[in-house]
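Protein chains: 2
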Amino acid sequence: MAMSLDGFIARADGNLDWLMKQKTDGEDHGYDNFMASVDGLIMGRGSFEKVLSFDEWPYQKPVVVMSRTLRVADLPDGLRNTVTLSTLEPEELMQELGRKGWQRAYVDGGKIIQSFLRAELIADITVTHIPILIGDGLPLFGQLDRDIDLEHLETRSFASGLVSSKYRVQQTG
Amino acid sequence: MAMSLDGFIARADGNLDWLMKQKTDGEDHGYDNFMASVDGLIMGRGSFEKVLSFDEWPYQKPVVVMSRTLRVADLPDGLRNTVTLSTLEPEELMQELGRKGWQRAYVDGGKIIQSFLRAELIADITVTHIPILIGDGLPLFGQLDRDIDLEHLETRSFASGLVSSKYRVQQTG
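Sequence lines, in order, name chains A and B.
For the first sequence, position 113 matches number 113 in my numbering, and the numbering has no gaps at all.
Just remember that my numbering sits 173 ahead of the position in the second sequence, which is counted from 1.
Next up, the structure:
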């Protein structure tokens with residue numbers, strides 16, 4: 001997740017202009033390695049619709065969209081082979097994906113990550129801090145039902161000013 | 174400023190238990206060096222009252238509390254030599270302190286930092302990320318009237334999991 005230094009992942013209306021304007025050409029922030037390490041992506045309807053608004057579909061890997069309202073007929077034709085819709089709860093979904101051979105998924109979007117954290121299905125979190133203060137916006141996850149302790153694994157900083165830190169989630173058991 | 178990884182400087186009620194429980198014995202996070210580099214502290218009434226609730230007054234340097242409601246008679250006897258009250262605006266206050274020989278102050282507390290940022294009186298910001306998610310709480314500053322771009326200067330991480338990043342504020346004019 002990318003976050004402004006004051007802790008927001010997007011402006012209140014979802015706008016990412018402050019993120020898009022960062023000049024990071026030629027820097028390897030580890031995204032390709034990370035994407036190579038997962039079997040696919042899981043996101044909510046909000047993130048999916050945000051990604052759909054981009055000029056180009058950015059993912060090579062399969063994507064599962066957790067939604068109770070989207071129908072297959074709502075998907076753009078070009079995405080019907082790569083995007084699956086699911087109404088399962090996080091644990092059931094991970095079991096189903098596990099039966100299909102998935103071992104590790106990239107879980108994206110505040111509400112979805114929140115529900116996966118609650119189910120103790122998030123193993124690690126990487127946050128990249130963007131060198132800007134935007135003052136107001138959407139928080140990383142929203143409310144949690146308990147604190148979640150993290151173990152810091154590594155931090156890397158880049159010429160652009162991005163600082164990326166990776167943490168392991170301490171599960172309660 | 175210390176901040177949870179999800180971007181909060183305190184729980185919604187001001188509680189810092191999640192910060193106090195961090196095990197950082199023997200680590201030098203640069204606080205002493207930083208305090209040696211300033212001529213004194215400037216804070217608001219909220220931060221001042223929080224610090225008063227600690228077992229011991231933590232500062233050696235002079236402290237200016239910006240408040241329109243506190244009176245000298247409200248100050249504990251032991252602090253009347255070290256704490257000054259001021260009703261000046263940020264620019265006027267810095268001019269007055271400059272006449273007294275101050276060159277650099279440690280400005281603490283969300284609302285106060287916000288007003289100093291607006292007046293372009295903040296030169297640099299150090300944020301220390303604490304390895305915990307608390308889900309909800311007080312934001313770093315609150316709303317700003319414009320984005321503030323930062324230049325990343327350095328990042329250090331510690332065995333405790335704290336990650337401290339220093340930024341220079343890009344002034345507009």
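Even for Gly, the Cβ is constructed at its ideal location relative to N, Cα and C.
**Item:** Euclidean distance between Cα positions of residue 263/B and residue 253/B
**Value:** Between residue 263/B and residue 253/B, the C-alpha separation is close to 22 Å.
**Request:** Using a Cβ cut-off of 9 Å (strictly closer), state whether residue 155/A contacts chain B.
**Result:** yes
**Asked** residue 194/B by DSSP, collapsed to three states: which one?
**Response** coil
**Request:** Flag residue 316/B as yes if its beta-carbon sits less than 9 Å from any beta-carbon of chain A, otherwise no.
**Result:** yes
**the region 125-138 of chain A touching the region 63-73 of chain A, judged by at least three CB pairs closer than 8 Å** = no
**Message:** Runs of 4 residues minimum, wholly inside the region 195-245 of chain B: which ones carry the alpha helix (DSSP H) assignment?
**Reply:** 204-209 and 218-225
**Prompt:** When DSSP labels each residue in this structure, what does residue 297/B get in the three-state scheme?
**Reply:** strand
**Message:** Give me the residue from 256/B, 284/B and 319/B with the minimum Cα distance to residue 230/B.
**Reply:** 256/B
**Request:** Decide if residue 114/A is buried, meaning its Cβ has at least 16 other Cβ atoms within 10 Å, or exposed.
**Result:** buried
**Message:** Report the CB separation of residue 277/B from residue 210/B in whole angstroms; it is logged as a contact under 8 Å.
**Reply:** 6 Å
**Request:** Establish whether the CB of residue 336/B and some CB of chain A are separated by less than 9 Å.
**Result:** Residue 336/B has a beta carbon lying within less than 9 Å of a beta carbon in chain A.
**Prompt:** Taking 9 Å as the CB-CB cut-off, is residue 20/A touching chain B?
**Reply:** no
**Asked** Looking only at DSSP bridge pairs, what is residue 111/A linked to?
**Response** Partner(s): none; residue 111/A has no beta bridge.
**Request:** State yes or no: is the beta carbon of residue 181/B nearer than 9 Å to at least one beta carbon in chain A?
**Result:** yes
**Prompt:** Within 9 Å (strictly less), CB to CB, does residue 26/A reach chain B?
**Reply:** no
**Item:** Neighbouring residues, chain A, relative to residue 203/B (Cβ below 9 Å)
**Value:** Under the 9 Å cutoff, chain A gives no residues; its nearest Cβ is about 16 Å from residue 203/B.
**Request:** Output the boundary residues of the alpha helix (DSSP H) element that contains residue 97/A.
**Result:** Element bounds for residue 97/A: 90-99.
**Message:** Can you check which of these residues, 273/B, 175/B, 270/B and 225/B, is closest to residue 191/B by C-alpha distance?
**Reply:** Scanning 273/B, 175/B, 270/B and 225/B for the CA closest to the CA of residue 191/B turns up 175/B.
**Asked** With a Cβ-Cβ cutoff of 9 Å, do residue 8/A and residue 180/B count as a contact?
**Response** yes
**Item:** Where the beta strand (DSSP E) through residue 322/B begins and ends
**Value:** 321-330
**Element boundaries [beta strand (DSSP E), containing residue 104/A]** = Following the DSSP letters along the chain, one finds residue 104/A in no beta strand (DSSP E), marked with neither H nor E.
**the region 234-267 of chain B: positions lying closer than 9 Å to chain A by Cβ** = Nothing from the region 234-267 of chain B brings a Cβ to less than 9 Å from some Cβ of chain A.
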